[in-house]
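Novice: Protein chains in written order, with UniProt numbering: chain C, 1 to 349; chain Z, 1 to 349. Backbone N, C-alpha and C define an ideal beta-carbon position, used for all residues, glycine too.
Protein chains: 2
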Amino acid sequence: MTVTLADVAARAQVSPATVSRVLNGNYPVAAATRERVLRAVDELDYVLNGPASALAAATSDLVGILVNDIADPFFGIMAGAIQGEIGGPGGRAGGERLAVVCNTGGSPERELTYLTLLQRQRAAAVVLTGGAVEDAPHAAAVAAKLRKLADAGTRVVLCGRPPAPDTDAVALTFDNRGGARALTAHLLGLGHRRLGYIAGPVERTTTRHRLEGHRAALAAAGVEEDPRWTVYGRYDRQSGYEATLELLRRDPSLTAIVAANDSVALGACAALRESGRRIPEDVSVAGFDDLPFSIDAVPSLTTVRLPLAEAGARAGRIAMGREEPPPGGIASVRGELMVRGSTGVPRAS
Amino acid sequence: MTVTLADVAARAQVSPATVSRVLNGNYPVAAATRERVLRAVDELDYVLNGPASALAAATSDLVGILVNDIADPFFGIMAGAIQGEIGGPGGRAGGERLAVVCNTGGSPERELTYLTLLQRQRAAAVVLTGGAVEDAPHAAAVAAKLRKLADAGTRVVLCGRPPAPDTDAVALTFDNRGGARALTAHLLGLGHRRLGYIAGPVERTTTRHRLEGHRAALAAAGVEEDPRWTVYGRYDRQSGYEATLELLRRDPSLTAIVAANDSVALGACAALRESGRRIPEDVSVAGFDDLPFSIDAVPSLTTVRLPLAEAGARAGRIAMGREEPPPGGIASVRGELMVRGSTGVPRAS
DNA sequence: CACCTTGTAGAAAGCGCTTGCTACACCGGA
DNA sequence: TCCGGTGTAGCAAGCGCTTTCTACAAGGTG
Numbered sequence: 001m002t003v004t005l006a007d008v009a010a011r012a013q014v015s016p017a018t019v020s021r022v023l024n025g026n027y028p029v030a031a032a033t034r035e036r037v038l039r040a041v042d043e044l045d046y047v048l049n050g051p052a053s054a055l056a057a058a059t060s061d062l063v064g065i066l067v068n069d070i071a072d073p074f075f076g077i078m079a080g081a082i083q084g085e086i087g088g089p090g091g092r093a094g095g096e097r098l099a100v101v102c103n104t105g106g107s108p109e110r111e112l113t114y115l116t117l118l119q120r121q122r123a124a125a126v127v128l129t130g131g132a133v134e135d136a137p138h139a140a141a142v143a144a145k146l147r148k149l150a151d152a153g154t155r156v157v158l159c160g161r162p163p164a165p166d167t168d169a170v171a172l173t174f175d176n177r178g179g180a181r182a183l184t185a186h187l188l189g190l191g192h193r194r195l196g197y198i199a200g201p202v203e204r205t206t207t208r209h210r211l212e213g214h215r216a217a218l219a220a221a222g223v224e225e226d227p228r229w230t231v232y233g234r235y236d237r238q239s240g241y242e243a244t245l246e247l248l249r250r251d252p253s254l255t256a257i258v259a260a261n262d263s264v265a266l267g268a269c270a271a272l273r274e275s276g277r278r279i280p281e282d283v284s285v286a287g288f289d290d291l292p293f294s295i296d297a298v299p300s301l302t303t304v305r306l307p308l309a310e311a312g313a314r315a316g317r318i319a320m321g322r323e324e325p326p327p328g329g330i331a332s333v334r335g336e337l338m339v340r341g342s343t344g345v346p347r348a349s
Numbered sequence: 001m002t003v004t005l006a007d008v009a010a011r012a013q014v015s016p017a018t019v020s021r022v023l024n025g026n027y028p029v030a031a032a033t034r035e036r037v038l039r040a041v042d043e044l045d046y047v048l049n050g051p052a053s054a055l056a057a058a059t060s061d062l063v064g065i066l067v068n069d070i071a072d073p074f075f076g077i078m079a080g081a082i083q084g085e086i087g088g089p090g091g092r093a094g095g096e097r098l099a100v101v102c103n104t105g106g107s108p109e110r111e112l113t114y115l116t117l118l119q120r121q122r123a124a125a126v127v128l129t130g131g132a133v134e135d136a137p138h139a140a141a142v143a144a145k146l147r148k149l150a151d152a153g154t155r156v157v158l159c160g161r162p163p164a165p166d167t168d169a170v171a172l173t174f175d176n177r178g179g180a181r182a183l184t185a186h187l188l189g190l191g192h193r194r195l196g197y198i199a200g201p202v203e204r205t206t207t208r209h210r211l212e213g214h215r216a217a218l219a220a221a222g223v224e225e226d227p228r229w230t231v232y233g234r235y236d237r238q239s240g241y242e243a244t245l246e247l248l249r250r251d252p253s254l255t256a257i258v259a260a261n262d263s264v265a266l267g268a269c270a271a272l273r274e275s276g277r278r279i280p281e282d283v284s285v286a287g288f289d290d291l292p293f294s295i296d297a298v299p300s301l302t303t304v305r306l307p308l309a310e311a312g313a314r315a316g317r318i319a320m321g322r323e324e325p326p327p328g329g330i331a332s333v334r335g336e337l338m339v340r341g342s343t344g345v346p347r348a349s
């Protein structure tokens, strides 16, 4: 059998209650007694029974982190930063929490199921990252879940995700619109007038916001947009590759391609190169996020840097109650335009 | 208050035991009764109390996945694949498990702490990914933990990690040595004789194995190695950048650089380019892993493809008991040499 | 010296669920 | 009619911990 609290108590010649108190450090215990207990714990190699403890205390030390795609560094970086603050190991004494990353794969059902699972585990906090799915019933279901979680005492934080109305979830949103607008404005400033846009999945808020920013910039500059210039895809490299070929087929005279994110931009570069076009002499390319590899693209990628790690860390701290939530529970995190080699003045047409 | 089993039982006019049995589906319950219970569950919006359930049943539905760096796609891809098989949501009915990814940051202490945390939660299975740290005391501590976990009924699987002796953990190892050897042999075949090697952190098994493979290839070709040609670093881009500068300083006549992994190789490319060298005309570069972005490097990266997703999926299935472990509990997974544009014949010196 | 603090430790009542065992119908066969 | 299945459901005993309440000793105070 495994060692229990009672075994430790017997060995240390104290009551189980005392052992529990020593372990939790939330009650005065005489130094000598504590010593004895700790020695017994050590000798017996005792490990607390998490479920039992959670049941009795009606709280758990689990913190859930939901991500759309764990293989995507965008989420990996945020998750890492969040987890770093949650502490898990390495955190401040006693407050050892198990930060768990759940991969929804962008599927609404999985998202809900994971939330239920976390609710079932009575998680201490939940952090949802990345764009939400814009499906009314699903959004409502998620909001209801979040409300229920909050009611049960779980702290809910959204990181890089739009606020959830009717929920007291704290939201740290990325200013996707603003970033996209600045990016496209940069391109327009260089003289581009025929810009292709490779969007992400239609139903994602991130997709919509970035596209809106792009269009706002066009509108502000008085550039009329051709509907053929927008293609929807996924947030991965291959999607960028395919979408670019499609874009070129529709209008070979495009002088710039704005991608939904850096991975997509990389795919776009590959497609352009294969079609014999030079970057940026023939076509400029821009991404979004500024993931680590973007600077190593050739030419290096013009993009919008999102402070993924910083935002994640902050979300983590808020989830742990170690930092005040922003006023109103909502904060917008701005991106920074990184102008690099992949964008330049358009070729004289 | 939250809804409990008893509330559901009252509502459905049955005993708590019956409700439990309906929910777990491990005992015959009359269809009509089941119906009634399920309706009550639905109406009350009941969510099982995980800790209580785990305590009573002495098992939990948690599965832990330990990774060295969650922001690194190498781990992200594996973790995603493992999680996909673990099921979490989307898995087969009833078997809903919470697959949790824990980020050790490559720190031995964190690794141990996470293992303890998982042991505390009475995890159903644990998958450790990536290279282990080669520190005798630490290795022993981990082995002891793994043994204890196994004793407690937790299935332990190592994925992309060398077998742990004296442990009945199933191991799916990557053939780093063989892959590295093939890679360097390729370079030697092209005519290179002066090859720089950028290794990972010294204490990692992965680092050692890849380096050994590299040296084995050199030895087999009768090429004498200069100690100055090896530099140790981290597994990230910046490390590759810095190490390359160091390598060039030590010996500007190198005609090829073999990197510990693709990220490092990317950093190496950047450094070479900045120093005015062309790839592969002046210097060939090779990576390892074949992460998604490697094919988009310019020129695209010669590397060794590791079947990350496949291995992860297999590890996940084994962890779930849905696939037989390999004979002897150990399987070696081979990499595949991907020859691409970043390697070529050396310049005529 | 009685009395109240203060500091420590134990007794015991759960926390919400699972499950072995028991109980009760109801059925067909003897 | 009696009896041994067979199919369902309930009882109740925990699972291993936390925490309230109580107990007691020691020390200070009037």
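1) Anything in chain Z within Cβ reach of residue 166(C), meaning under 8 Å, just list it in chain order.
2) Candidates 158(Z), 139(Z) and 202(Z): which alpha carbon is nearest residue 329(Z)'s?
3) Going by beta carbon distance, what residues of the same chain come within less than 6 Å of residue 182(Z), once the five residues before and after it are set aside?
4) Mind checking which residues open and close the beta strand (DSSP E) that includes residue 256(Z)?
5) Under the three-state reduction of DSSP, which class applies to residue 291(Z): helix, strand or coil?
6) For the region 50 to 65 of chain Z, enumerate the residues whose C-beta is nearer than 7 Å to any C-beta of chain C, in chain order.
7) Measuring CA to CA, which of 275(C), 274(C), 265(C) and 296(C) is closest to residue 285(C)?
8) I want to see whether chain Z comes within less than 8 Å of residue 368(C), judged by CB atoms only; does it?
9) Does the Cβ-Cβ distance between residue 133(Z) and residue 203(Z) come in under 8 Å?
10) Express the C-alpha separation of residue 288(Z) and residue 113(C) in angstroms, rounding to a whole number.
11) Out of 2(C), 41(C) and 26(C), which has the shortest C-alpha to C-alpha gap to residue 14(C)?
12) Which partner residues does residue 353(C) have in the DSSP bridge list?
13) Identify each residue in the region 286 to 305 of chain Z for which the Cβ-Cβ distance to at least one residue of chain C is less than 8 Å, and report them in chain order.
14) Residue 89(Z) CB to nearest chain C CB: under 8 Å?
15) Name the residues in the region 264 to 289 of chain C whose C-beta lies less than 9 Å from a C-beta of chain Z; which are they?
16) Taking DSSP as the reference, what is the three-state secondary structure of residue 27(Z)?
17) Terminal residues of the continuous alpha helix (DSSP H) containing residue 114(C)?
18) Please name the residue or residues paired with residue 336(C) in a DSSP beta bridge.
19) Would you tell me roughly how many angstroms separate the C-alpha atoms of residue 146(C) and residue 56(C), rounded to the nearest one?
20) Is the distance from the Cβ of residue 355(Z) to the Cβ of residue 130(Z) below 8 Å?
21) Check the DSSP bridge columns for residue 128(C) and list the partner residues they point to.
22) Which residue wins for smallest C-alpha separation from residue 308(Z), given the options 260(Z), 213(Z), 172(Z) and 275(Z)?
23) Going along the chain, which residues of the region 16 to 29 of chain C sit with their C-beta nearer than 8 Å to a C-beta in chain Z?
24) Rounded to the nearest angstrom, what separates residue 233(Z) and residue 198(Z) at their Cα positions?
25) Measuring only from the beta carbon, is residue 245(C) closer than 7 Å to any heavy atom that is part of the ligand MG?
26) Just checking: is the beta-carbon of residue 116(C) within a distance shorter than 8 Å of some beta-carbon in chain Z?
27) Give every residue of the same chain whose Cβ lies closer than 6 Å to the Cβ of residue 304(C), excluding the five residues on either side of it in the sequence, and list them in chain order.
28) Which residues in the same chain have their Cβ closer than 6 Å to the Cβ of residue 216(C), if we skip the five residues on either side of it in sequence?
29) Beta-carbon within less than 7 Å of residue 225(Z)'s beta-carbon, same chain only, minus the 5 sequence neighbours each way: which residues are those?
30) Just to confirm my understanding: we take residue 106(Z), look at its own chain, exclude 5 residues before and 5 after, and list those with CB closer than 6 Å. What are they?
31) Kindly list the residues whose CB is nearer than 7 Å to the CB of residue 239(C), restricted to its own chain and excluding five residues on each side of it in sequence; keep chain order.
32) Are residue 50(C) and residue 120(Z) touching if we call contact CB-CB under 8 Å?
33) How would you label residue 333(C), buried or exposed, when you count the other beta carbons within 10 angstroms and need 16 or more for buried?
34) Would you tell me roughly how many angstroms separate the C-alpha atoms of residue 301(C) and residue 339(C), rounded to the nearest one?
35) Ignore the nearest five residues each way along the sequence and tell me which others in residue 319(C)'s own chain have a CB closer than 6 Å to its CB.
Specialist: Walking through what the data contain:
1) Within 8 Å Cβ-Cβ: nothing; residue 166(C) doesn't reach chain Z, min ~17 Å.
2) 158(Z)
3) 337
4) 256 to 259
5) coil
6) 50, 51, 52, 54, 55 and 60
7) 265(C)
8) Here chain C has residues from 1 to 349 only, and residue 368(C) is not among them.
9) yes
10) 36 Å
11) 41(C)
12) The structure shown has nothing for residue 353(C), since chain C only spans 1 to 349.
13) 292, 293, 295, 296, 297 and 298
14) Residue confidence is low: residue 89(Z) scores 44 on pLDDT, short of 50, so the model does not pin down where it sits. Its coordinate-derived value is still stated next. Yes, residue 89(Z) lies at the interface with chain C (some Cβ there is under 8 Å from its Cβ).
15) 266, 267, 269, 270 and 273
16) coil
17) 108 to 120
18) 305(C)
19) 24 Å
20) Limits of chain Z in this structure are 1 at one end and 349 at the other, which puts residue 355(Z) out of reach.
21) 66(C) and 158(C)
22) Of the listed residues, the one whose Cα sits closest to residue 308(Z) is 172(Z).
23) Shown here is that no member of the region 16 to 29 of chain C has a Cβ falling below 8 Å from a Cβ of chain Z.
24) 7 Å
25) By its list of ligands, the structure shown contains no ligand whatsoever, and the ligand MG lies outside what it can speak to.
26) yes
27) 179, 183, 288, 335 and 337
28) Same-chain partners within the cutoff: 181.
29) 215 and 218
30) 68
31) The answer, listed in chain order, is 233, 264 and 267.
32) yes
33) With at least 16 other beta carbons inside 10 angstroms of its own, residue 333(C) counts as buried.
34) 8 Å
35) 125, 127, 155 and 157
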